[in-house]
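**Q** I'd like to ask some things about the structure below.
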Amino acid sequence: MIDVDGLVRTEEEVDVLFFEVGVHVYGVDASQVQRIERALPGDLVRPELGALHQGRRALVFDTPEGEAHLKVDAVRGVRPINIADLRRLPVAVTASSFAIGVCLEEEAHPILLIDLVETAKTQGRH
326 MIDVDGLVRT EEEVDVLFFE VGVHVYGVDA SQVQRIERAL PGDLVRPELG
376 ALHQGRRALV FDTPEGEAHL KVDAVRGVRP INIADLRRLP VAVTASSFAI
426 GVCLEEEAHP ILLIDLVETA KTQGRH
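Going left to right, the sequence shown walks through residues 326 to 451 as my numbering numbers them.
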């Protein structure tokens, strides 16, 4: 399949949106993100992800209770990642319920993958 950006996609790939919170880089399944907006004062903050530098952006996503916004410092973009480069975290090593796996595609270091809906559930705010 050829995507709108002209790249050939295979069924063994998933689009991952990469973003920054402080000095840390995270990834999420891009299909969870509805849009990116300017952050508002009441938007969701997860201290477990690290201290925000400024938190001027928000990832907007749907939850069973409605729309939620997660503050982030920057959005790096969306890239197709081969499924072979993704690993689920074993239950024994997941410190937070929203941490679901790692992306090994980055040569520098693995990137933690999170579930946005779980970030809102464990925070208790939407």
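For each residue, glycine too, the CB sits at the ideal point set by N, CA and C.
In this text the structure is predicted, and so the values were computed from the model without any measurement.
1) Hey, I461 and V348: beta-carbon distance below 8 angstroms or not?
2) Please go through the region 379 to 426 and give each complete alpha helix (DSSP H) segment of 4 or more residues, from N-terminal end onward.
3) In the DSSP assignment, the beta strand (DSSP E) including D340 goes from what residue to what residue?
4) If you follow the beta strand (DSSP E) that H349 is in, where does it begin and where does it stop?
5) Out of G375, A376 and R360, which one is the CA nearest neighbour of A383?
6) Check whether the Cβ atoms of V403 and L342 lie closer than 8 angstroms to each other.
7) If we ignore side chains and look at the alpha-carbon of each, how far apart do L441 and E336 end up?
8) Give me the DSSP bridge partner(s) of V358.
9) Is it true that the CB of G380 sits closer than 8 angstroms to the CB of K396?
10) What does a CB cutoff of less than 7 angstroms around A355 pick up in its chain, not counting 5 residues either side in sequence?
**A** Reading off the structure:
1) Any question about residue 461 goes unanswered here, given that the chain covers just 326 to 451.
2) none
3) Working through the sequence shown from its first residue, we reach residue 340 at position 15. Taken as a continuous stretch (DSSP letters only), the beta strand (DSSP E) holding D340 covers E338 to V346.
4) Along the sequence shown, read from residue 1 onward, the residue named residue 349 stands at position 24. Run containing H349: H349 to D354, per the beta strand (DSSP E) assignment.
5) Taking the sequence shown and counting its residues from 1, the one referred to as residue 383 is at position 58. It is R360.
6) Looking up residue 403 in the sequence shown gives position 78. Looking up residue 342 in the sequence shown gives position 17. In this structure, L342 lies closer than 8 angstroms to V403 by Cβ.
7) In the sequence shown, counting from the first residue as 1, residue 441 sits at position 116. In the sequence shown, counting from the first residue as 1, residue 336 sits at position 11. Approximately 23 angstroms, taken between the alpha carbons.
8) Numbered from its first residue, the sequence shown carries residue 358 at position 33. Note: V358 sits in a beta bridge opposite F386.
9) By 1-based counting over the sequence shown, the position of residue 396 is 71. By 1-based counting over the sequence shown, the position of residue 380 is 55. It is a contact, given that the beta carbons lie within the stated cut-off.
10) As a first step, residue 355 must be located in the sequence shown, where it is residue number 30. Result list for A355: D340, V341, L342 and V403, in chain order.
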